[in-house]
Amino acid sequence: MPEVNLVPMIDVLMSVLIFFIVVSMTLTLEEKVDVELPSNAASATQAPPVPPLIVKLDGQGQALVNNQPFTEVEVGSQVESYLSSNEEGSVVLQADPLLPYEQVVQTLADLKEIGGGNVSLAID
Numbered sequence: 010m011p012e013v014n015l016v017p018m019i020d021v022l023m024s025v026l027i028f029f030i031v032v033s034m035t036l037t038l039e040e041k042v043d044v045e046l047p048s049n050a051a052s053a054t055q056a057p058p059v060p061p062l063i064v065k066l067d068g069q070g071q072a073l074v075n076n077q078p079f080t081e082v083e084v085g086s087q088v089e090s091y092l093s094s095n096e097e098g099s100v101v102l103q104a105d106p107l108l109p110y111e112q113v114v115q116t117l118a119d120l121k122e123i124g125g126g127n128v129s130l131a132i133d
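In this text, residue positions in the sequence shown follow my numbering: the first is 10, and each later residue adds one.
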């Protein structure tokens, strides 16, 4: 009985398979993208961030700037002088949790009137 010799057929199939693999690899080559990374010199020239001016309201409603008591008018002048010397600076209001909400909101509104968008409320 005649037998079918499979070795030549397997050789041909393997050759065709290798051909398709090689052709598909050459068709899907990715192009290189030239990217210029920033140098360290650019980061060295940046100024350190300006620390925020912290205005605290204690339990009696007294305003403290740098832990020194001030009146509302004096706080306004302190904030104005801070923001005029530090354009990138910000003002943070830290209020005592026991203060009436209306007083905190009024003080925050007064500070925002002076400092614009550079005023925020600290939540602790």
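C-beta: ideal position from N, C-alpha, C; glycine also.
None of the values given here were measured: they were computed from a predicted structure.
Residue i to residue j span [Cα, whole Å]
i    : j    : result
E83  : L117 : 15 Å
K121 : V74  : 16 Å
L102 : G124 : 12 Å
V13  : D43  : 56 Å
L62  : Q77  : 12 Å
V32  : M23  : 14 Å
T80  : L46  : 51 Å
E39  : Q87  : 59 Å
I132 : Y110 : 13 Å
L36  : V25  : 17 Å
G126 : S93  : 14 Å
A56  : L130 : 25 Å
Rounded Cβ spacing between residue i and residue j (contact assumed at less than 8 Å)
i   : j   : result
A72 : V64 : 6 Å
G85 : Y91 : Contact flag wrong, Cβ pair sits at about 11 Å.
Own chain partners of residue i with C-beta closer than 6 Å, once the 5 adjacent residues on each side are dropped
i    : result
V128 : V100, L120 and K121
A104 : L66 and V113
Where residue i falls, given that 16 or more other Cβ within 10 Å makes a residue buried
i    : result
Q115 : exposed
Q69  : exposed
For residue i: DSSP bridge partner residues
i    : result
F79  : A72
K121 : None; K121 has no bridge partner.
V100 : L62 and V128
Chain-order list of residues whose beta-carbon lies under 7 Å from that of residue i (same chain, five-residue window excluded)
i   : result
E89 : I123
Chain-order list of residues whose beta-carbon lies under 8 Å from that of residue i (same chain, five-residue window excluded)
i   : result
V21 : none
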